[in-house]
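Chemist:
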Amino acid sequence: MSLISFKVSKSPEEVLNMIKKGLSYELIHERVHHIEGDMISIVLVYEKYYMRNSSRAALTVTINNFNGYTQVESISAGSSQGLFFNIDWGAGEEFANSVKHILKEFIIE
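Going by the numbering used here, the first residue of the sequence shown is number 9, and it counts up by one from there.
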């Protein structure tokens, strides 16, 4: 599992659109929650198939503006191979970083 967390200078809706346009993986779930006032929480779940080892990995992306800025978290899971050893050869981190790459020019801090 890899977790990447960062803040961006775009609204959650803008981030949502940029991610959906920028990722070519299969989007299997999308949920947008409008909360009190202007607060919003967005959850995206993607799936990627790896031919080299016939496995699938999931990428969960959360976007919210609960603290006055847009927070993005990208979490990959299921990219490792093997029953006893959790080795993914960097695939999980690369999968999670795909979101950061799309938003790189808008990252703050």
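Quick reminder that beta carbons are idealized off the backbone N, C-alpha and C, glycines included.
So is Y77 buried or exposed if we call it buried at 16+ other beta carbons inside 10 Å?
Modeler: Burial call: exposed.
Chemist: Could you have a look at N75 and say whether DSSP puts it in helix, strand or coil?
Modeler: Of the three classes helix, strand and coil, the one that applies to N75 here is coil, per DSSP.
Chemist: Expressed to the nearest angstrom, what Euclidean distance is found between the alpha-carbon atoms of V16 and K29?
Modeler: Answer to the nearest angstrom: the Cα atoms are 17 Å apart.
Chemist: How long is the line joining the alpha carbons of I116 and K56, rounded to whole angstroms?
Modeler: One C-alpha to the other measures close to 28 Å.
Chemist: What residues in its chain sit with their C-beta under 7 Å from that of V23, if we drop five residues either side in the sequence?
Modeler: V16, I71, T78, V80, L111.
Chemist: Under the rule that 16 or more other beta-carbon atoms within 10 Å means buried, what is S106, buried or exposed?
Modeler: Buried, because 16 or more other Cβ atoms sit within 10 Å of the Cβ of S106.
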